[in-house]
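Quick note, the sequences are listed as chains A and B, same order.
In terms of the working numbering, the first sequence opens at residue 182 and continues consecutively.
In terms of the working numbering, the second sequence opens at residue 394 and continues consecutively.
We put the CB at the ideal spot given by N, CA and C, even for glycine.
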Amino acid sequence: MLDRIVRIWVKEFLEFYRDTGARYRLVIPAILQLLIFGYAATFEVFNVPTAVLDLDHTQESRTLLADFTNNARFKIVTVAQSQPQAEAAIENGDAVAALVIHAGFANLLLKGQTAPLQVIVDGTNSNEALVALGYVGTIVETFSQQYMVDLAGRTAAGRSMRVVQISVDQRDWYNPNLNSRWFFVPGVIGMLTLMTIVNLTAFAIVREREVGTLEQIMVTPIRPYEFIIGKTVPFFLIGLFQVILVAVTGVLWFHIPFVGSPFVMLLGSSLFLLSSLAIGLLISTLCKTQQQAFASNFFVLNPVFTLSGFAYPIASMPVVLQWLTYINPLRYYLVIIRGTFLKGVGLDILWPDMAALAAIAAVLLTISTLRFHKSLE
Amino acid sequence: MPGERQPDIQISVDHLIKRFGAFIAVNDVTFDVRRGEIMGFLGPNGAGKSTIIRMLCGLLRPTSGRAMVAGVDVALNPERVRQSIGYMSQKFSLYGDLTVAENLRFFGGIYRVPQKEIAERILSVVEMAGLAGREDSLVSTLAGGWKQRLALGCAILHRPPVLFLDEPTSGVDPISRRRFWELIHELSDDGVSVLVSTHYMDEAEYCNRIAMIDQGKLVALGTPAELKNRALPGTLLLVECDEIGHAIELLGSAPGVRDVAAFGNTLHVLVDREAGQTDRLIAWLAAHGIAGARVRPIEPSLEDAFVQLVTGNREAA
Ligand SMILES: Nc1ncnc2c1ncn2[C@@H]1O[C@H](COP(=O)(O)OP(=O)(O)OP(=O)(O)O)[C@@H](O)[C@H]1O
Ligand SMILES: [Mg+2]
Chain A
182 MLDRIVRIWV
192 KEFLEFYRDT
202 GARYRLVIPA
212 ILQLLIFGYA
222 ATFEVFNVPT
232 AVLDLDHTQE
242 SRTLLADFTN
252 NARFKIVTVA
262 QSQPQAEAAI
272 ENGDAVAALV
282 IHAGFANLLL
292 KGQTAPLQVI
302 VDGTNSNEAL
312 VALGYVGTIV
322 ETFSQQYMVD
332 LAGRTAAGRS
342 MRVVQISVDQ
352 RDWYNPNLNS
362 RWFFVPGVIG
372 MLTLMTIVNL
382 TAFAIVRERE
392 VGTLEQIMVT
402 PIRPYEFIIG
412 KTVPFFLIGL
422 FQVILVAVTG
432 VLWFHIPFVG
442 SPFVMLLGSS
452 LFLLSSLAIG
462 LLISTLCKTQ
472 QQAFASNFFV
482 LNPVFTLSGF
492 AYPIASMPVV
502 LQWLTYINPL
512 RYYLVIIRGT
522 FLKGVGLDIL
532 WPDMAALAAI
542 AAVLLTISTL
552 RFHKSLE
Chain B
394 MPGERQPDIQ
404 ISVDHLIKRF
414 GAFIAVNDVT
424 FDVRRGEIMG
434 FLGPNGAGKS
444 TIIRMLCGLL
454 RPTSGRAMVA
464 GVDVALNPER
474 VRQSIGYMSQ
484 KFSLYGDLTV
494 AENLRFFGGI
504 YRVPQKEIAE
514 RILSVVEMAG
524 LAGREDSLVS
534 TLAGGWKQRL
544 ALGCAILHRP
554 PVLFLDEPTS
564 GVDPISRRRF
574 WELIHELSDD
584 GVSVLVSTHY
594 MDEAEYCNRI
604 AMIDQGKLVA
614 LGTPAELKNR
624 ALPGTLLLVE
634 CDEIGHAIEL
644 LGSAPGVRDV
654 AAFGNTLHVL
664 VDREAGQTDR
674 LIAWLAAHGI
684 AGARVRPIEP
694 SLEDAFVQLV
704 TGNREAA
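So this is what it looks like as structure tokens:
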């Protein structure tokens, strides 16, 4: 058994090695997708429409607001006179962010206490809002450092002063879970892996069918499972390589935190890879030409992406579609990969998703192996 | 079953039928192939040659009928048959991005050729196929004739007693074809039964026996000489003259003429075996306005027999 499987591995490796384009096709789209999603989720914004409300009316509060007014990132569209007026600006869509300085701001600063700055952002445009929040943080930081230096210069006790702080009170309206690149990049791993593996597997087998080498293999005494294992294990390894490549790039380049266990992540990835291989195998048993495989992949992968929670929240889907997501391996993998990346949860929390993924992989692999006959019919 | 009584029978096909939906691709075909025999399949495009071969390899399931190969019922036990057969499909199907040696090692491994014999067998196949010095060439860079010989080599690495070759020489130059047929004869001398399909009449002459297939039916079976005699009971005359089209009509109604067929710008006319036919035809043509015709008797070729048998089959249908 193993001798034949190894023969196929050697053959696959040689073909991969000779096809110089193949290694670029595996690495470049992966990195490109990662960059596109990484940056699309965080692209820079200028002139964020902003409402301001100054209830403190002090030198300090005016200086802080002037820092915003003079910054190209923000465009003050409304100078509100009251809290409801500021909030209305966001509700009407006039402003994406509102800055509120409450009375007593300067007082707290002088006493060396934490002075709150309230920031309200419109969560429906989560990207812009999120980026805006980041800028607010930077401006406030600069302001407080400047203030501390000034204060130290004016008072002799400067060196013993505590750092002045302004806390940003974020209230994200409408969309409590702001999407970010932190949210997207782990998702890209799932999407890329699925796409690569389903395509590779389906095309590799359909190509052999189309070229005729599959017919030549079928007249040999090889067993179907030997062929399937020989053919799919290399793709499993390629998939694992891609997961690691994208994950490492995400961590090193985008500074996505990876707080969970790599073991749990790789376990989930392996189960997901098996499901993807099985989907590819299943498509290959249904298609005679690469063109058919291309069309089938398109029809299969699209709903898998749409119904996974990658871009559209599952909770906001119609109920029937929500049911469909339960048989979608990507749905579970996204939970696992986001959970391990961002939340650091382990098997104790993720086991139901792992179990679902394992079940889907087992069912799909069984069906596709049974469907793979050594005959032309 | 003849296959059970005569141990010398390697392929035994019994009332084999294959339907694709309503279409009957193979229609009640029966024949045997003996050990060491070269059986040729001759037939026009779409006759069903490949379909029969694929059923014998276990790639297609017969709709009905029985096929025994190397003593094994193919439909019941396709896996056991596979160790005993070599197959070259109509379409070249080795890995173009692997080298000659890599392809041979691959198929040797898949067939489980014993480790200590593999090197020696690859060497002998390379030698046989005239591929020495080309072991490390990528298969896709080989010329047609070399590819075909390599494909044959891959098909016989495991020393199968039965070999199926589906149009192995299509698109290959005449010298390579001749060389290929020498290899087939060597294998046959070693006792390998070979079933080979072809479109080339000259190749069919190299076969021990020929099965003529048309529209799924076996229309004739026999040695090349037998087929020629059976198909053409009479004398074959070659007629060269002007106004070929008109001449066909005229000769068709001439006394003693059985059949007229056009071959390029000459006519092959089948007449009753009697003395003086040549002069009679010249006179007949001259009497009807075609003067100066040249007529001479010729040896009937397989092609004549083939055309005759296939037309007969179609008229009967
Ligand atoms: N899988 C299939 N489904 C439907 N029809 C088929 C199938 N395979 C073959 N046929 C039909 O069966 C007939 C016989 O085909 P086959 O390939 O056996 O002919 P052939 O004698 O090998 O012809 P050629 O000389 O062109 O190779 C053809 O009409 C073909 O279209
Ligand atoms: Mg054919």
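{"Check": "Beta carbons nearer than 8 Å to chain A: which residues of the region 579–610 of chain B have them?", "Outcome": "none"}
{"Check": "Just confirm the distance between the C-beta atoms of ALA158/A and VAL281/A, as a whole number of angstroms; I'd bet it's less than 8 Å.", "Outcome": "Any answer about residue 158/A is impossible in this case: the structure gives chain A only from 182 up to 558."}
{"Check": "Using a strict less-than 7 Å threshold between each residue's beta carbon and the heavy atoms of ligand 2, what residues do you get?", "Outcome": "LYS442/B, SER443/B, GLN483/B, ASP559/B, GLU560/B and SER590/B"}
{"Check": "Tell me the rounded alpha-carbon separation between ARG687/B and ALA668/B.", "Outcome": "17 Å"}
{"Check": "Hey, would you say the C-beta of PHE413/B is under 6 Å away from at least one heavy atom of ligand 1?", "Outcome": "yes"}
{"Check": "GLY382/B lies in the beta strand (DSSP E); which residues open and close that run?", "Outcome": "The displayed coordinates of chain B run from 394 to 710. Any statement about residue 382/B would go beyond what the structure contains."}
{"Check": "Taking 6 Å as the cut-off, is the CB of ALA766/B close to at least one heavy atom of ligand 1?", "Outcome": "Residue coverage of chain B in this structure runs from 394 to 710, which leaves residue 766/B outside it and unanswerable."}
{"Check": "Could you check whether the Cβ of ARG388/A sits closer than 7 Å to any Cβ belonging to chain E?", "Outcome": "Within the model displayed, chain E is absent; protein chains A and B are what it includes."}
{"Check": "Does the Cβ of ASN438/B lie closer than 6 Å to at least one heavy atom of ligand 1?", "Outcome": "yes"}
{"Check": "Between the C-alpha atoms of PHE416/A and SER489/A, what's the straight-line distance to the nearest angstrom?", "Outcome": "23 Å"}
{"Check": "Terminal residues of the continuous beta strand (DSSP E) containing ALA460/B?", "Outcome": "457–462"}
{"Check": "Could you name the residues of the same chain whose beta carbon sits closer than 8 Å to that of LEU498/A, not counting the 5 residues immediately before and after it, in chain order?", "Outcome": "In the sequence under discussion, the amino acid at residue 498/A is Met, which differs from the Leu named in the question. LEU488 and THR506, listed in sequence order."}
{"Check": "Under 7 Å, Cβ to Cβ, is there at least one residue of chain A near GLY651/B?", "Outcome": "In the sequence on display, residue 651/B carries Arg and not Gly. Answer no: the Cβ-Cβ gap between ARG651/B and chain A never drops below 7 Å."}
{"Check": "Would you kindly report the start and end of the unbroken beta strand (DSSP E) that includes PHE442/B?", "Outcome": "Reading off the sequence shown, one finds Lys at residue 442/B, where the question assumed Phe. Unbroken run through LYS442/B is the alpha helix (DSSP H), 442–449; no beta strand (DSSP E)."}
{"Check": "Measure from the alpha carbon of ASN622/B to the alpha carbon of each residue in TRP539/B, LEU452/B, LEU497/B and GLU696/B, then state which is nearest.", "Outcome": "GLU696/B"}
{"Check": "Compute the Euclidean distance between the alpha carbons of VAL345/A and GLY527/A, then round it to the nearest angstrom.", "Outcome": "Low local confidence applies: a pLDDT of 49 at VAL345/A is under 50, so the model's placement there is unreliable, and no value is given."}
{"Check": "Applying the 10 Å Cβ sphere with the 16-neighbour rule, what's the burial state of ASP237/A?", "Outcome": "buried"}
{"Check": "Which of the three DSSP states is assigned to ALA247/A in this structure?", "Outcome": "helix"}
{"Check": "Using 7 Å as the threshold, is the C-beta distance between ALA418/B and GLY657/B below it?", "Outcome": "no"}
{"Check": "Taking the alpha helix (DSSP H) that GLN541/B belongs to, which residues open and close that run?", "Outcome": "537–549"}
{"Check": "Skipping 5 residues on each side, what residues in its chain have a beta carbon closer than 7 Å to that of VAL424/A?", "Outcome": "ILE370, THR374 and SER450"}
{"Check": "List, in order along the chain, the chain B residues whose C-beta lies closer than 9 Å to that of ASP200/A?", "Outcome": "ASP490"}
{"Check": "For ALA261/A, list the residues DSSP reports as bridge partners.", "Outcome": "LEU234/A"}
{"Check": "List the DSSP bridge partners of PRO690/B.", "Outcome": "LEU630/B"}
{"Check": "Assuming contact is defined by CB atoms lying nearer than 7 Å, are THR444/B and ARG412/B in contact in what I supplied?", "Outcome": "no"}
{"Check": "Give me, in chain order, the residues of the same chain whose beta-carbon lies closer than 7 Å to that of ILE230/A; leave out the 5 immediate sequence neighbours on both sides.", "Outcome": "Here residue 230/A turns out to be Pro, not Ile, going by the sequence shown. Only LYS256, VAL258, ASP275, ALA276 and VAL277 meet the Cβ criterion."}
{"Check": "State the Cα-Cα distance for the pair ARG514/B and LEU550/B, rounded to the nearest angstrom.", "Outcome": "7 Å"}
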